[in-house]
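Protein chains: 2
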Amino acid sequence: MKNKNQQTLSESFIINNYLKKLNFRKKESFNFENDGAYLNISQNNKIVVSNDTIVEGVDFFPIDNADSVAHKIICSNLSDISSMGATPYCFNLSLGLPKKISKKWLNFFSSKILKLQKKYKFFLLGGDIAQTKHIVISATFFGKLNNRRIIRRDGAKINNDIWLTGNLGNSFAGLMFKKNIIKANQSIKKFFIKKYLYPSPCMIGNKLGLIATSAIDISDGFYGDLDKLLLHKNLGANIDVESIPILPKLKNLIRLHKIKINKLLSSGDDYEILFTSNPKKRNFINALSKKNKINMTKVGTIINKKGIYTDGKILSLNKRSFQYNF
Amino acid sequence: MKNKNQQTLSESFIINNYLKKLNFRKKESFNFENDGAYLNISQNNKIVVSNDTIVEGVDFFPIDNADSVAHKIICSNLSDISSMGATPYCFNLSLGLPKKISKKWLNFFSSKILKLQKKYKFFLLGGDIAQTKHIVISATFFGKLNNRRIIRRDGAKINNDIWLTGNLGNSFAGLMFKKNIIKANQSIKKFFIKKYLYPSPCMIGNKLGLIATSAIDISDGFYGDLDKLLLHKNLGANIDVESIPILPKLKNLIRLHKIKINKLLSSGDDYEILFTSNPKKRNFINALSKKNKINMTKVGTIINKKGIYTDGKILSLNKRSFQYNF
């Protein structure tokens, strides 16, 4: 479903050929190679900025509930803020709405946002409403660093551990059920579709500064997002696929050949955090994981050789997902 | 063309009923009653934030050149930043593009932005690309205050002078020519259509702090925008219509009954600045106007009586334009 690359001109082509010249090489933009950017107000007061747009028929189904749409535009941005090591502050909302939009839709949409605002503590700063043919929602989020450093995509070092929060693949499995590509009993189906409609962002942003050398949120598939951590420095990764955290009921679907593990690891937006860390931090991370009740699992190691290796074999390019934000 | 109120549910209805509850009454949002908002980083380091979205077929014609589209999304935001007393810093861009978008379009679009970036000194911080059925472009702009105060909509005081920068109505006249509603010779037509396609924002932001008690940019018609300066305090305005700065060639079209003056003052986005000021500042404003080569014209006075009065008569509501940003 989330396939922005259908365009004749890919996102990366547009970014590299038309947009990169516009950042004037300012460090605040990270040359469009990070989950977001920052406003350089003062040395100790940087504000992290992320931006995400979702479109009816591309990023969600026209029949999806308004509260799922609200959940997605908010949580995809929260996830970016978190992966940069920041905590949510406020956001700007650009609402492109078709004429047919109903009071009921607006009520569900805004009520869900209110719930998330109370849960994650942020507020609506401002925005704009426009009339569009289909729903197009863009949000610009602001995060505070509270004197911590910004976590970037390009900080991984050789021999760093590779960690994942939470469990992978639930959102992708939900999408497969939603599209009727796979079948199972009603409760399993319901469970995963809920994970697809309401993925939960991992909000460990304010802890990342203590442990991570680099980080990214899983929004385009594990392999594709891992690749983005590697490409800056021509590093590689050894991945122990067996160790990747997957729920038993999803493992069961894999065992039954309903879902292929490589497909699952190349798709889906779970909004979990993938980060790299110095091996010296292992005990600290395990303690942090316990204390905050957030699963953190070591799934591999950064190596001094290009490519992603699983069981000693290099992963071929077409198994990865490629998606660039700028 | 710019008629976002076609929606069954008006912008103000959506804002008041569904969105206002989301600002948690934070002062940074101005309760969605200003041209923009601000990030309260520290007392002396506020960052002004504005947001504007333009849609193909609503805010511009599908056949309009890409450089006009670029001009509009940038200049409508620059104008908001300026009217709040700030200078441009950087911006985030959300590009909703249909599959059919061409390299030529992207080239014209990005080249125009680059030109404006060099002229007004700001850079692209980041953003997002999405696939849409028609072009939907949203930009979030950031402005710096350089230790000046934010100019708000609600600061006008009784007996304040009402000032306008530049000339009004050129963009509206251009729209009338573009839609073939009015006719004139080719050079007149070309002149005004250019003003419609490439309205020039009045970038006096960094001077406004020295002179203005309140300000707004003219993006929805003079009367409608003036009304937004008045409604907070139940104030009114005496307007000397004769003194409103209008180019001789536009005055000529009015004289020939091709354009009605009241229609012209209720429509159009010229991106000039409307501001109020203490009468003691008159000499200073006139000197500033000369020094910066920006026309500034006193067009009326704030009065202690609700309503907008022209030649002693109150203006009826339906002659004003109503458009609310939040």
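Chains as they are written, first to last, in numbering that gives the first Met the number 0: chain A, 0 to 325; chain B, 0 to 325.
Don't be surprised by glycine CBs; every beta carbon is placed ideally from N, CA and C.
In this text, all values refer to a predicted model and were calculated from it rather than measured experimentally.
(1) To the nearest angstrom, how far is it from the Cα of K304 (chain A) to the Cα of S101 (chain B)?
(2) Chain A partners of Y17 (chain B), CB-CB under 8 Å?
(3) Run through DSSP, which three-state label would L234 (chain A) get?
(4) Check whether chain A comes within 8 Å of H256 (chain B), counting only Cβ atoms and requiring the distance to be less than that.
(5) Cutting at 6 Å between CB atoms, please list the residues of its own chain near R147 (chain A), excluding the five before and the five after it.
(6) Answer with yes or no whether the minimum CB distance from K188 (chain B) to chain A is below 8 Å.
(7) Give the DSSP-derived three-state secondary structure of A129 (chain A) in the structure shown.
(8) Just to make sure I have the definition right: I need the residues of chain A whose C-beta is within less than 9 Å of the C-beta of E271 (chain B). Which are they?
(9) Along the stretch 79-108 of chain A, what residues have a CB closer than 9 Å to any CB found in chain B?
(10) So, at 6 Å on beta carbons, what are the nonlocal neighbours of N64 (chain B) in its own chain, with the 5 sequence-adjacent residues on each side left out?
(11) Looking at C-alpha atoms only, which residue of A:K118, A:W162 and A:I128 is the closest neighbour of L105 (chain A)?
(12) Measuring only the C-alpha atoms, how far is F121 (chain A) from I53 (chain B)?
(13) Name, please, each residue of chain B whose Cβ falls closer than 7 Å to the Cβ of I40 (chain A).
(14) Evaluate G126 (chain A) with the Cβ neighbour count: other Cβ atoms within 10 Å of its Cβ, from every protein chain shown; 16 or more gives buried, anything less gives exposed.
(15) In its own chain, which residues sit with a C-beta less than 6 Å from the C-beta of N4 (chain B), not counting the 5 before and 5 after it?
(16) Any residues in the stretch 130-161 of chain A with a beta carbon nearer than 7 Å to a beta carbon of chain B? Which ones, in chain order?
(17) Classify G311 (chain B) as buried or exposed, calling it buried when 16 or more other Cβ atoms lie within 10 Å of its own Cβ.
(18) Would you mind sorting G173 (chain B) into buried or exposed? The rule is 16 or more other CB atoms within 10 Å of its CB.
(19) Please determine, among B:K193, B:T139 and B:I260, the residue with the shortest C-alpha to C-alpha distance to I245 (chain B).
(20) For a contact defined as C-beta to C-beta under 7 Å, what are the partners of N22 (chain B) on chain A?
(21) State the DSSP-derived secondary structure class of F12 (chain B), mapped to helix, strand or coil.
(22) If you draw a straight line from the C-alpha of S276 (chain B) to the C-alpha of V48 (chain B), how long is it?
(23) Return the chain-ordered list of same chain residues with a C-beta closer than 8 Å to the C-beta of L94 (chain B), the five sequence neighbours on each side being excluded.
(24) So D226 (chain B) is in the alpha helix (DSSP H); what residue range does that whole segment cover?
(25) Please report whether the beta-carbon of A36 (chain A) lies at a distance below 8 Å from any beta-carbon of chain B.
(26) Would you list, in chain order, the members of the stretch 174-208 of chain B that have their beta-carbon closer than 8 Å to a beta-carbon of chain A?
(27) Keeping to the same chain, check which residues put their C-beta closer than 7 Å to that of I301 (chain B); ignore five residues upstream and five downstream.
For this structure:
(1) Rounded to the nearest angstrom, the gap between the Cα atoms of K304 (chain A) and S101 (chain B) is 38 Å.
(2) Residues of chain A passing the Cβ test: L105, N106, F108 and S109.
(3) coil
(4) Interface residue (Cβ-Cβ distance to chain A less than 8 Å): H256 (chain B) is not classified as such.
(5) G84 and G208
(6) no
(7) strand
(8) In chain order: nothing, as chain A lies at least about 20 Å away.
(9) Y88, C89, N91, L92, S93, L94, G95, L96, P97, K98, K99, I100, S101, K102, L105, N106 and F108
(10) none
(11) When each option's Cα is compared against that of L105 (chain A), the closest is A:I128.
(12) 26 Å
(13) I40, N44 and I46, listed in chain order.
(14) buried
(15) Caution is warranted here: a pLDDT of 42 is assigned to N4 (chain B), below 50, making its placement in the model unreliable, and the coordinate value is therefore given only provisionally. Closer than 6 Å at Cβ, skipping near neighbours: no residue.
(16) Q130, T131, K132, H133, V135, S137, T139 and F141
(17) Label assigned to G311 (chain B): exposed.
(18) buried
(19) B:I260
(20) F122 and L123
(21) helix
(22) 24 Å
(23) Counting only Cβ-Cβ distances below 8 Å, and skipping sequence neighbours, we find G126, D127, I128, A129 and I136.
(24) From DSSP, the alpha helix (DSSP H) with D226 (chain B) extends over F221 to L229.
(25) Closer than 8 Å: yes.
(26) Residues of the stretch 174-208 of chain B that bring their beta carbon within less than 8 Å of a beta carbon in chain A are absent altogether.
(27) A155, K156, I157, N158, N159, I161, L234, A236 and T275
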